[in-house]
Amino acid sequence: MYILKTTRILLIGALLFPLAIIAQINSGVAEYKVILQQNTNTKLKGPYKSDIDNIEKQAQKLRFELAFNQKASAFSLVKNLPIDKNDFNAKMAITIFDGDKMYYTNLKEAYIIEQKTFLGKKFQVKTDLEDVEWKLVDDQKQVSDYLCYKAIGKRYAMSKNYETFETEVVAWYCPEIPIRTGPFEAVGLPGLVLQLDLKGRSVVLEDLDLGKEVQVENPIKGNVVSQKEYDSIYKKRVKAQMPR
């Protein structure tokens, strides 16, 4: 009886030991890649198929880095990628797939700053995490061998006519890694976001270093405005661009 009890304790301890290690994680670095949703209907690409194919090839070379600890996180395109940033297709891939954006999340004070570029000017837009809305659902799946759960959110994008519109995004977060951040604006969820599904693409975890000690500083410089202030500036600039 004693042997059985001891064996049972050892088995339970072996199962819980990895979870205990993960629960103690305070910082780390995650790297994400871009996976494009394939469209078999090539007619949609029309006469620009060759150009679009080249841009998509460059997009698959993009990598994003998320440095995080219990207090803050910073997300941006990885520096020194093996791409020619002067190449037209590479430039387009960076712009289309948000490689020109930066994000800083202050988890302690509960806000996120997004650096946006609009009509050639950079804006630093601050949003409180309580204003970032997510709907948690029961769906789950494995992402890079981690059990993740589904959350549905919203993203605001800009049309070619400089009009804002709303799209749905899906975040897959891992409660085993209890740090409330992720790629782009996927923050505030009860676990690290390992995959973010956006329109036409997914940003998926490729590498994760949970043992790395990280000091996170705000990489975004310049005057910070609220989302309401940015919306006002945005509308004025759009109006100024319209033909009279």
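In this note's numbering, each residue's number is its place in the sequence shown (first place is 1) plus 3. Note that the Cβ used here is the ideal one computed from N, Cα and C, for glycine as well.
Please work out which residues of its chain come closer than 8 Å, Cβ to Cβ, to residue i, disregarding the five sequence neighbours upstream and downstream, and give them in chain order.
i: T120; result: D103, K104 and F126
i: V146; result: W175, C177, L197, Q198, V207 and L208
i: L84; result: K64, L65 and R66
i: S79; result: F67, E68, K104, M105, Y106 and P222
i: D101; result: F187
Reducing DSSP to helix, strand and coil, say where residue i ends up.
i: N109; result: strand
i: Q41; result: coil
i: R204; result: strand
i: E133; result: helix
i: V227; result: strand
i: D210; result: strand
i: K215; result: coil
i: L157; result: According to the sequence provided, residue 157 is Lys. The question's Leu does not apply to it. Note: K157 maps to strand in three-state DSSP.
i: K119; result: strand
i: E34; result: strand
i: T125; result: Per the sequence presented here, residue 125 reads as Lys, with Thr not at that position. Of the three classes helix, strand and coil, the one that applies to K125 here is strand, per DSSP.
First and last residue of the alpha helix (DSSP H) that includes residue i?
i: I58; result: K52 to A62
i: T184; result: Segment: none, T184 is in no alpha helix (DSSP H) and carries neither H nor E.
What are the boundary residues of the beta strand (DSSP E) that includes residue i?
i: K94; result: Careful: K94 lies outside any beta strand (DSSP E), inside the alpha helix (DSSP H) at F91 to I99.
i: N72; result: R66 to N72
i: D141; result: K138 to V146
i: E171; result: T167 to C177
i: L80; result: A75 to L80
Rounding to the nearest angstrom, what Cα-Cα distance links residue i and residue j in this structure?
i: K1; j: S30; result: Shown here, the chain extends from 4 to 247; a query on residue 1 therefore has no answer.
i: F71; j: Y114; result: 14 Å
i: I155; j: A93; result: 30 Å
i: A243; j: Y237; result: 10 Å
i: T98; j: V135; result: 24 Å
i: Q40; j: T130; result: 29 Å
i: L213; j: Q143; result: 22 Å
i: K239; j: K124; result: 14 Å
i: Y106; j: S53; result: 32 Å
i: Y149; j: V241; result: 44 Å
i: I24; j: F168; result: Because I24 carries a pLDDT of 44, less than 50, the predicted location of this residue cannot be relied on, and the following value inherits that uncertainty. If you take the alpha carbons of I24 and F168, they lie about 42 Å apart.
i: V128; j: R183; result: 19 Å
i: P181; j: I28; result: 8 Å
i: V32; j: P186; result: 11 Å
i: V140; j: C151; result: 11 Å
i: A96; j: K36; result: 13 Å
i: E188; j: E117; result: 8 Å
Kindly list the residues whose CB is nearer than 7 Å to the CB of residue i, restricted to its own chain and excluding five residues on each side of it in sequence; keep chain order.
i: L132; result: A113, Y114, I115, V190 and G191
i: D200; result: V172 and V173
i: K138; result: A154 and I155
i: V217; result: S30, G31, V32, A70, F71 and N72
Go through its chain and collect everything with a Cβ distance to residue i's Cβ below 6 Å, but skip five positions before and after it.
i: D87; result: A93
i: N109; result: A75
i: V81; result: R66 and E68
i: A77; result: A70, Y107, V219 and P222
i: I38; result: S205 and V207
i: K157; result: E169
i: K111; result: K74
Determine contact between the stretch 181–200 and the stretch 219–232, defined as no fewer than three beta-carbon pairs at a distance below 8 Å.
no
Touch test, the stretch 225–232 against the stretch 199–214, Cβ-Cβ under 8 Å, three pairs minimum:
With fewer than three CB-CB distances shorter than 8 Å, the stretch 225–232 does not count as touching the stretch 199–214.
Assess contact between the stretch 80–93 and the stretch 56–69, defined as three or more Cβ pairs (one per stretch) separated by less than 8 Å. Is contact present?
yes
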